[in-house]
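Note sheet for the following structure.
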Amino acid sequence: NVDRFPDGDLPRWNFTDFMHSFMIVFRVLCGEWIESMWDCMLVGDVSCIPFFLATVVIGNLVVLNLFLALLLSNFGSSSL
1 NVDRFPDGDL
11 PRWNFTDFMH
21 SFMIVFRVLC
31 GEWIESMWDC
41 MLVGDVSCIP
51 FFLATVVIGN
61 LVVLNLFLAL
71 LLSNFGSSSL
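Going by UniProt numbering, 44 is the number at position 44 of the sequence shown; the sequence numbering is gapless.
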């Protein structure tokens, strides 16, 4: 797949090993997912779109639920 990139080099964000894959998922959860999705579509096809959209939606729901659980536990444990 390296020959599909114009420079002949893999991009910095790739799925070649676990660490790079983990960093891409972390980056997607932080909201910086457009560049990674375009690089994936460059070497693949449009099948990358459901993966990235599912990661964004499910990841944001998990982060929101963790934030709400933390918020509610702090209100529940405080004595007024």
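Where is the CB? At the ideal position from N, CA and C, for every residue including glycine. Remember, predicted model here, so these are calculated numbers, not experimental data.
Q. CA-CA distance, LEU72 and ARG12?
A. 39 angstroms
Q: Tell me whether the beta-carbon of ARG27 lies closer than 8 angstroms to the beta-carbon of SER21.
A: no
Q | Closest Cα partner of TRP38 within the set THR55, CYS48, LEU53, CYS30 | A | CYS48
Q.
Output needed for GLY59: all residues of its chain with C-beta closer than 6 angstroms, excluding positions within five of it in sequence on either side, in chain order.
A. Excluding sequence neighbours, GLY59 sits near LEU29.
Q: Please state whether DSSP places ASP9 in a helix, a strand or coil.
A: coil
Q: Counting only the same chain and skipping the five closest in sequence on each side, list residues whose C-beta sits under 7 angstroms from that of ASP45.
A: none
Q) What residues in its chain sit with their C-beta under 7 angstroms from that of THR55, if we drop five residues either side in the sequence? A) A distance below 7 angstroms between beta-carbons, with the five flanking residues on each side excluded, links THR55 to the following residues of its chain, in chain order: VAL25, VAL28.
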